[in-house]
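Okay, structure first, notes after.
There are 4 protein chains.
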Amino acid sequence: MSIKISSHFDAGAIEVVSTAQPSQINLNLRKDSNADFMQWFYFRLQGARDEACTLRILNAGAATYPSGWEGYRAVASYDREEWFRVDTEYDGKVLTIKHTPTEDSVYYAYFEPYSWERHLSLLGRAAYSPQVRIEDLGNTVDGRDLNMLVIGDEAAEQKVWVIARQHPGESMAEWLVEGMLDALLDVANPIARKILQKAVLYVVPNMNPDGSVRGNLRTNAAGANLNREWMTPSLETSPEVFYVKNKIHETGCDLFLDIHGDEGLPYNFVAGSEMLQGFTEQQMAEQNAFVQSFVAASPDFQTKFGYPTDKYYEDVLKLASKYVGHHFKCTSLTLELPFKDNADMPDDVVGWDGDRSAKLGEAMLQPILQHLNRNQVKTK
Amino acid sequence: MSIKISSHFDAGAIEVVSTAQPSQINLNLRKDSNADFMQWFYFRLQGARDEACTLRILNAGAATYPSGWEGYRAVASYDREEWFRVDTEYDGKVLTIKHTPTEDSVYYAYFEPYSWERHLSLLGRAAYSPQVRIEDLGNTVDGRDLNMLVIGDEAAEQKVWVIARQHPGESMAEWLVEGMLDALLDVANPIARKILQKAVLYVVPNMNPDGSVRGNLRTNAAGANLNREWMTPSLETSPEVFYVKNKIHETGCDLFLDIHGDEGLPYNFVAGSEMLQGFTEQQMAEQNAFVQSFVAASPDFQTKFGYPTDKYYEDVLKLASKYVGHHFKCTSLTLELPFKDNADMPDDVVGWDGDRSAKLGEAMLQPILQHLNRNQVKTK
Amino acid sequence: MSIKISSHFDAGAIEVVSTAQPSQINLNLRKDSNADFMQWFYFRLQGARDEACTLRILNAGAATYPSGWEGYRAVASYDREEWFRVDTEYDGKVLTIKHTPTEDSVYYAYFEPYSWERHLSLLGRAAYSPQVRIEDLGNTVDGRDLNMLVIGDEAAEQKVWVIARQHPGESMAEWLVEGMLDALLDVANPIARKILQKAVLYVVPNMNPDGSVRGNLRTNAAGANLNREWMTPSLETSPEVFYVKNKIHETGCDLFLDIHGDEGLPYNFVAGSEMLQGFTEQQMAEQNAFVQSFVAASPDFQTKFGYPTDKYYEDVLKLASKYVGHHFKCTSLTLELPFKDNADMPDDVVGWDGDRSAKLGEAMLQPILQHLNRNQVKTK
Amino acid sequence: MSIKISSHFDAGAIEVVSTAQPSQINLNLRKDSNADFMQWFYFRLQGARDEACTLRILNAGAATYPSGWEGYRAVASYDREEWFRVDTEYDGKVLTIKHTPTEDSVYYAYFEPYSWERHLSLLGRAAYSPQVRIEDLGNTVDGRDLNMLVIGDEAAEQKVWVIARQHPGESMAEWLVEGMLDALLDVANPIARKILQKAVLYVVPNMNPDGSVRGNLRTNAAGANLNREWMTPSLETSPEVFYVKNKIHETGCDLFLDIHGDEGLPYNFVAGSEMLQGFTEQQMAEQNAFVQSFVAASPDFQTKFGYPTDKYYEDVLKLASKYVGHHFKCTSLTLELPFKDNADMPDDVVGWDGDRSAKLGEAMLQPILQHLNRNQVKTK
Ligand SMILES: [Ca+2]
Ligand SMILES: [Ca+2]
Ligand SMILES: [Ca+2]
Ligand SMILES: [Ca+2]
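Put into structure tokens, the structure is as follows:
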């Protein structure tokens with residue numbers, strides 16, 4: 001059997017240039033739907049068991065975030081359950097993966113994928129909790145269901161919003177939500193129980209279903225970068241934001257968390273709202289308190305590395321967390337998880353992965369609760 | 001939240017006519033890709049928790065097998081793991097499902113689905129066995145991988161072929177294969193161990209990937225009914241048969257099993273090759289012996305109900321099992337599982353389902369082994 | 001840390017002679033409670049990680065069945081879940097185990113143990129089935145509960161009895177029962193469902209609780225070999241048989257299966273009742289039919305190797321299966337499982353073990369059902 | 001079948017007075033081995049399915065902690081996996097349990113038990129971690145192995161000691177240790193990874209194996225209350241303390257945690273070392289910091305309710321945590337878990353249980369890490 005590269009499955013994305021022999025597999029990233037972004041890849045290699053394979057992604061240097069390839073190692077899996085890192089090099093132009101698969105069929109990806117089937121299973125499982133209501137917000141561009149979980153009593157005084165995966169290639173964002181939900185719905189978890197005494201949570205585990213299934217890095221089916229659509233979302237090209245923005249105006253918001261992945265920085269960190277006009281000292285104190293609580297809750301979260309404050313200065317209200325922070329004057333953060341690893345605690349085998357993302361999601365309940373505790377005192 | 005019907009997911013298929021209120025949900029079956037068959041449905045209902053829903057499939061009477069609706073009950077699930085039967089009536093024209101869902105989101109289907117993600121996971125899991133080789137046979141019309149498992153030593157004297165799901169809506173066929181594979185690869189299973197001492201197995205768990213994902217009943221993406229393509233398969237419209245037929249001519253065949261579902265009969269049964277020209281008494285004895293062994297192995301399998309021998313008299317060699325039986329003069333059977341239930345041992349809660357299909361697949365190893373034992377003696 | 005041998009846990013049994021160094025660990029078998037039998041051992045070794053250990057059982061030649069050591073390999077485990085075989089030699093006097101443990105703590109045993117805690121869990125799990133009633137038959141000598149499962153409708157015409165582990169060191173007998181019960185209570189298992197339409201089963205998973213916990217090979221706490229007590233059991237020294245014998249006279253019996261392990265023969269086989277006075281041709285035919293059904297159901301069961309018919313000629317009615325066969329004129333068999341392996345299908349890693357025993361228990365449902373089918377016809 | 005009460009199994013403990021009928025089951029607590037303590041009970045009831053049972057523990061008023069019965073509800077289980085609370089009343093003399101079991105066999109206990117078999121399985125599972133060494137410290141009075149887990153690099157600068165279940169009836173203490181160990185050995189847990197970069201842990205999951213198996217509340221087999229033996233433990237009557245005390249003097253200690261259950265208070269809390277002579281302000285600050293970190297980590301832990309500081313003034317150095325705090329001048333705490341429930345977050349179904357204890361053990365890693373971080377800075 002000769003070598004075969006394929007990607008016709010959920011989130012699959014690659015272009016095959018040539019597969020003459022195992023040592024000369026040449027590939028290209030392909031662009032997001034109706035857009036010029038490109039970086040996500042996910043494909044299957046067959047026919048190379050026990051062969052020393054060299055897979056070259058020729059156009060890696062033209063990716064959206066070339067710095068993402070510095071120190072990066074691709075993930076691989078035989079069964080799509082267990083993912084591990086493989087040798088990867090970047091010479092400024094070409095990304096070269098070297099791996100000798102021990103099975104007939106092996107998958108390579110930019111990061112551990114999170115499929116639409118798993119998404120639907122997550123909703124199905126969560127729905128059994130008496131605390132959970134599943135709400136449909138509307139249709140995506142391709143016609144998929146855009147769902148939200150409402151957790152707890154909607155009459156609760158405080159409203160917490162968590163949205164994830166506006167950028168669909170950042171699958172770690174949905175792994176984090178899965179970990180957070182599993183902890184939140186565990187009746188023996190005392191932090192979860194306290195949170196649900198104080199607040200209702202609105203959770204959108206996947207803001208970009210179409211981009212996720214299509215294997216995009218940053219856009220939806222219409223080519224829109226959803227995290228630049230919050231000022232003027234449209235039903236035609238960014239209905240995902242349109243519906244969520246409307247809903248948040250309907251419910252109000254006391255804490256907003258938008259979960260992302262960062263291609264470059266090998267750390268977990270947040271970007272806050274301190275650049276917003278009219279951001280008060282009180283808001284700064286609250287934001288800092290949240291961040292400090294998170295540091296205490298998980299050594300995987302840190303504050304040393306992150307974005308410069310001015311990163312998004314222009315048109316900043318196009319971004320979800322800035323928009324919400326501005327309108328609701330609440331703590332509003334973008335949480336960034338790494339594609340690479342947490343350089344403070346690197347793991348040679350798996351790097352940063354779905355499991356560690358899920359644990360960070362569980363740990364995030366602690367700063368959420370402490371935020372609610374402080375806010376409760378304040379509002380009394 | 002108002003009522004919503006959606007089907008944009010793996011194997012989803014329905015047309016919405018109107019959803020004015022829970023008691024008046026009107027739907028239509030939709031046709032297979034490029035073909036006139038229609039019977040499979042799979043959709044999600046949101047927004048009707050605790051509402052007494054009446055879902056009417058208006059064009060059920062025009063389905064391919066209207067007799068399939070006699071005594072039929074639809075399956076439903078909240079989490080797509082646990083499927084159960086719901087009240088269903090057929091008046092000769094309209095199929096009416098009555099159900100009060102207890103969750104915000106519920107799925108209804110013709111039969112417990114088997115997704116492409118699960119298919120890939122099955123391959124991934126099986127591949128870890130040192131007995132298994134995964135082979136790619138080529139691309140489907142839509143460009144998916146058509147995979148085969150080769151189990152055991154290819155130098156073995158006897159060759160057993162098992163193919164499933166030529167008709168993609170017959171998902172029970174792949175459930176059966178999953179059960180068979182799990183048993184076959186269990187090192188503590190003595191029947192499996194004996195089989196692998198005597199034979200190599202060629203197993204195609206899903207002959208029709210495109211039709212499966214598209215939610216077709218009987219055809220592939222090009223509209224071809226694969227089980228009528230065995231005389232003259234084409235690379236353009238029935239590559240799935242083209243590749244498998246070639247491979248079987250390459251390997252030879254001593255036992256052929258083609259797994260199907262039958263819309264009408266509430267029984268498990270086989271259709272044999274006795275109508276073939278030149279079918280010998282020896283072949284008849286072998287076929288009967290296989291069938292009797294299967295009866296002994298599983299009370300879910302029976303011989304009283306089945307097809308009349310002349311069902312496929314014309315152009316019979318277009319069918320997989322007839323074609324193979326004719327060319328290789330081996331025992332060659334079509335195994336039919338019910339969509340409804342096994343009327344000999346009905347289960348009010350789940351009817352016939354994936355789990356019972358899987359158990360039948362495990363039980364099928366016993367007649368396979370006994371066939372190999374007899375054949376071994378004969379060929380010595 | 002120096003070397004330590006300990007056995008103060010469920011079924012633990014050994015005597016320490018000396019433990020000067022890893023290469024010179026000298027041990028003795030210890031006798032059953034109040035009896036001279038000895039062969040079972042089960043102990044823990046600590047302090048020898050990565051050391052090449054030589055464990056010598058000095059008095060092995062004086063064991064009850066010295067032939068049991070021919071071709072025998074001891075089992076070992078680090079976690080008491082996964083058991084594997086280790087190098088073992090027998091020179092006619094001393095049994096020598098050579099093993100280099102890779103953990104600080106390792107267990108060695110004659111066969112994979114089945115603890116009293118697991119026994120109670122098995123009862124607890126089975127009890128949830130609506131088909132099951134747990135009945136207490138009385139107290140053992142030490143005061144433990146002697147329990148029976150009644151499975152199915154007690155008004156059923158046919159009564160099937162299965163008892164196991166009269167000889168407590170034959171733990172494979174209870175593994176077999178666990179496998180049989182799990183299959184029997186699986187609502188998707190068609191053989192189980194058919195059986196429960198025709199018969200009620202009386203199952204005693206452990207006839208000898210005290211001997212099991214004490215780590216005996218053959219006797220109860222009072223030193224009685226229960227399978228020699230069926231003529232005149234006593235409340236004082238063999239209450240376990242006393243209670244079960246009374247119960248069987250109360251219920252009647254149409255099929256009796258007594259599960260044992262055999263120290264010497266590396267095969268699964270049955271000993272029948274053909275030596276009984278008045279044993280009819282009809283009984284012989286029924287017994288043979290059962291045996292042939294069993295052969296078809298599992299290649300791990302065979303008829304070539306077994307006991308000579310006259311093995312128990314004298315006082316034969318002291319044995320459970322002979323006693324019952326004589327009194328109830330029904331098919332009554334002793335099923336023997338190996339301590340060593342099934343030489344027809346040896347497994348280098350685990351030999352014969354709990355998992356394979358459980359699978360044989362599942363397979364045994366098939367001859368049981370076919371016996372019931374034949375018997376049903378006969379009694380009509 | 002008539003009513004039967006039995007307790008001949010791991011940790012079983014009760015005396016039967018009379019069992020005339022389900023509504024009149026009279027029982028007595030029995031004393032610890034060689035001691036006058038009594039409070040623990042654990043027994044099985046058979047023969048009362050669907051009967052409204054009234055079980056009266058006649059001598060409850062003479063128990064060691066009669067206040068333990070105020071607001072207390074007994075736990076029950078059918079399978080010894082799922083435990084739930086049942087109606088229980090205390091009139092100052094008699095403890096009355098009212099329950100209608102829905103199965104033939106049901107167990108009642110003072111608290112969810114933790115068996116010796118589970119203890120050995122916990123050790124076996126943990127041992128697979130490359131971070132873990134299992135060390136045998138010596139024999140208990142009855143001859144069981146007293147084991148310690150050494151986790152991490154013994155050359156680490158900081159030494160953390162965790163011991164549990166000096167009082168064997170306080171089974172929640174070992175549930176806590178199980179939760180802590182599972183988290184500690186999870187390679188994806190960032191707190192665990194940080195801890196193991198800084199410290200080695202010495203963990204004794206069960207200080208009192210004999211008392212645990214015998215079903216004692218407070219003493220070992222010799223009748224010794226181990227938490228009063230730390231001044232002058234003896235090889236004859238308190239070898240468990242003798243060995244652990246010696247080992248701790250060998251390793252040193254920077255943080256000591258002794259896990260207990262409290263019969264009366266429905267809260268989780270710690271008792272500190274502030275009553276010790278020479279206890280410094282620095283020590284007070286460290287102890288307070290640990291406690292505050294724990295409060296942040298788990299809402300199940302609190303500081304409002306606890307013991308008065310002078311509770312153990314006399315002979316205080318007989319207690320483990322006081323002895324260690326005094327000798328090593330380190331933070332040294334007794335952690336108390338409730339038998340009843342956490343009154344801050346009561347759970348009607350299970351009360352306080354093994355699962356919640358395990359979660360508290362996982363949460364405890366956070367104050368441990370923060371203690372290590374502070375201590376590290378201090379010692380630099
Ligand atoms: Ca992003
Ligand atoms: Ca068909
Ligand atoms: Ca025996
Ligand atoms: Ca205590």
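Chains as they are written, first to last, in UniProt numbering: chain A, 1 to 380; chain B, 1 to 380; chain C, 1 to 380; chain D, 1 to 380. The beta carbon of each residue, even a glycine, is placed where N, CA and C say it ideally should be.
With its beta carbon at least 7 angstroms from every one in chain A, Q131 of chain B lies outside the interface. Excluding its 5 nearest sequence neighbours in each direction, T237 of chain D has C-beta neighbours in its own chain below 6 angstroms: A222, A224, listed in chain order. Within the region 118-145 of chain D, no residue has its Cβ closer than 9 angstroms to any Cβ of chain A. Annotated as distal: F43 of chain D and I25 of chain D, with beta-carbon spacing of 7 angstroms or more. Looking at the backbone, the Cα of S321 of chain B and that of G306 of chain B are separated by about 16 angstroms. Within chain B, no C-beta atom comes nearer than 9 angstroms to that of E178 of chain A; the closest sits roughly 14 angstroms away. Scanning D:N288, D:R193, D:R30 for the CA closest to the CA of G12 of chain D turns up D:R30. In this chain, P22 of chain C is not harboured by any beta strand (DSSP E), its DSSP state being neither H nor E. Shown here for D210 of chain C: same chain residues with a beta carbon closer than 7 angstroms to its own, the five before and five after excluded, namely T140, V141, D142, R144, N220, A221 in chain order. In the structure shown, N206 of chain B falls within a coil segment according to DSSP collapsed to helix, strand and coil.
Counting only the Cα atoms, E314 of chain B lies some 17 angstroms from T334 of chain B. N139 of chain B has B:D145 as its beta-bridge partners, per DSSP. Less than 7 angstroms divides the Cβ of N216 of chain B from the Cβ of D32 of chain B. Taking all protein chains shown into account, V203 of chain A has 16 or more neighbouring C-beta atoms within 10 Å of its C-beta and is therefore buried. Residue burial is scored here from C-beta neighbours: N189 of chain D has at least 16 other C-beta atoms within 10 angstroms and is therefore classed as buried.
Counting along the chain, R44 of chain B sits inside the beta strand (DSSP E) bounded by residues 42-46. For the pair E336 of chain C and G261 of chain C, the Cα-to-Cα distance works out to about 5 angstroms. In chain order, A271 place their CB closer than 8 angstroms to the CB of K311 of chain C, counting only its own chain and leaving out the 5 sequence neighbours on each side. In the DSSP annotation of this structure, the continuous segment of the alpha helix (DSSP H) that includes I248 of chain C starts and ends at 239-251. Here the C-alpha atom of E82 of chain B lies approximately 34 angstroms from the C-alpha atom of E117 of chain D.
Residues are counted here when their Cβ sits less than 7 angstroms from a Cβ of chain D; for the region 49-60 of chain A the count is zero. Contact check between the region 244-260 of chain D and the region 161-170 of chain D: three or more CB pairs, one atom from each, fall below 8 angstroms, which counts as touching. At a cut-off of 7 angstroms between beta carbons, M148 of chain C makes no contact with chain B. Against chain D, a Cβ distance below 9 angstroms from R80 of chain C picks out E117, L120, S121, G124. Between L369 of chain D and K98 of chain D the beta-carbon gap is near 46 angstroms, outside 8 angstroms, which marks them as no contact. Residues of the region 101-116 of chain A with a C-beta atom less than 7 angstroms from some C-beta of chain B are E103, D104, S105, S115, W116, listed in chain order. No Cβ-Cβ contact shorter than 7 angstroms links G61 of chain D with L176 of chain D. Residues of the region 165-190 of chain D whose Cβ lies closer than 9 angstroms to any Cβ of chain A, in chain order: D186, V187, A188, N189, P190.
At the C-beta level, V213 of chain C and D347 of chain C stay beyond 7 angstroms of one another. For the set D:V75, D:E112, D:L196, the Cα lying nearest the Cα of Q131 of chain D is the one of D:L196. DSSP places D182 of chain A outside any beta strand (DSSP E); the residue lies instead in the alpha helix (DSSP H), whose first and last residues are 172-184.
Scanning its chain for C-beta atoms nearer than 8 angstroms, with the 5 sequence neighbours on each side dropped, one finds around V349 of chain D the residues F84, R85, in chain order. Residue range 320-328 is occupied by the alpha helix (DSSP H) that includes H327 of chain B, with no beta strand (DSSP E) assigned at that position.
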